[in-house]
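If you're matching positions, the sequence shown starts at 0 in numbering that gives the first Met the number 0 and goes up one per residue.
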Amino acid sequence: MGILEEAFEENVLTTRVDWLLNWAKLNSIWPMTFGLACCAIEMMAVGAAHHDIDRFGAGAFRATPRQADLMIVAGTVNFKMGERVKRLYEQMASPKYVIAMGACATGGGPYFKYGYTVMKGVDRIIPVDVYIAGCPPRPEALLEGLMTLQDKIRRTPVIRKPARLQPADEA
0 MGILEEAFEE NVLTTRVDWL LNWAKLNSIW PMTFGLACCA IEMMAVGAAH
50 HDIDRFGAGA FRATPRQADL MIVAGTVNFK MGERVKRLYE QMASPKYVIA
100 MGACATGGGP YFKYGYTVMK GVDRIIPVDV YIAGCPPRPE ALLEGLMTLQ
150 DKIRRTPVIR KPARLQPADE A
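Spelled out as structure tokens, the structure:
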């Protein structure tokens, strides 16, 4: 037996199931590659060695929505693309999360006023969990948004208490 096995031979580890499942979820987030405009360059920079998104457990970018549980909408969403965004969101595995990255994804950005095809925020078609401001936001802002999402996952109850049954009135 090794040193660790001898040290922990008679110990018991206790925890809550909610904590354990949330810990596993927040340390294994699989984002989907979904860059639509300028913000996508900053999203790609987060995967590089300088910023290292892998240390947050989110470095395995997936190319298919069926393997992803995080959609990072990075850039301008027009009405035609909005239909595809919604379809991809519906194909994602549950639980699924969305980060709206940049001014265009959160509120239409500079293109909304004069662009008749630009949607005023991706939250018009899919629910957004975290908004990241900036045009384009720096890679550090995306990492902060990811940490905000991890805090949200940490606080989410996984197991709910069953509803109390009311006794039936006997007549």
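Glycine included, each C-beta is placed from N, C-alpha and C at the ideal position.
Through-space distance from residue j to residue i, alpha-carbon basis
i: Asp53; j: Val129; result: 19 angstroms
i: Lys151; j: Gly120; result: 21 angstroms
i: Thr155; j: Arg163; result: 21 angstroms
i: Phe111; j: Gly58; result: 32 angstroms
i: Gly114; j: Met80; result: 14 angstroms
Collapsed DSSP secondary structure at residue i in the structure displayed
i: Met118; result: coil
i: Met91; result: coil
i: Tyr96; result: strand
i: Gly107; result: coil
i: Ile73; result: One detail in the question is off: residue 73 reads as Ala in this sequence, not Ile. Correct three-state label for Ala73: strand.
i: Gly34; result: strand
i: Arg54; result: helix
i: Arg61; result: strand
i: Gly81; result: helix
i: Ala39; result: helix
i: Gln66; result: helix
i: Val157; result: coil
i: Asn26; result: coil
i: Ala44; result: helix
i: Arg235; result: The displayed coordinates of the chain run from 0 to 170. Any statement about residue 235 would go beyond what the structure contains.
i: Glu4; result: helix
Whole-number beta carbon distance between residue j and residue i, since they are thought to touch under 8 angstroms
i: Val76; j: Met118; result: 5 angstroms
i: Met100; j: Met70; result: 10 angstroms between Cβ atoms; not a contact.
i: Ala140; j: Thr105; result: With a Cβ gap of about 12 angstroms, Ala140 and Thr105 do not count as contacting.
i: Gly56; j: Ser27; result: 5 angstroms
i: Gly74; j: Leu25; result: Not confirmed; about 25 angstroms, so no contact.
i: Gln90; j: Arg65; result: 6 angstroms
i: Trp29; j: Ala67; result: 5 angstroms
i: Ile125; j: Tyr88; result: 5 angstroms
Inter-stretch contact (C-beta, 8 angstroms, three-pair minimum) for the region 11–21 and the region 39–51: Taking a cut-off of 8 angstroms on C-beta distances, the region 11–21 does not touch the region 39–51, as fewer than three cross pairs fall below it.
Runs of alpha helix (DSSP H) wholly within the region 123–154 (minimum 4 residues, chain order): If only complete runs of 4 or more residues are kept, the region 123–154 shows the alpha helix (DSSP H) at 138–154, in order along the chain.
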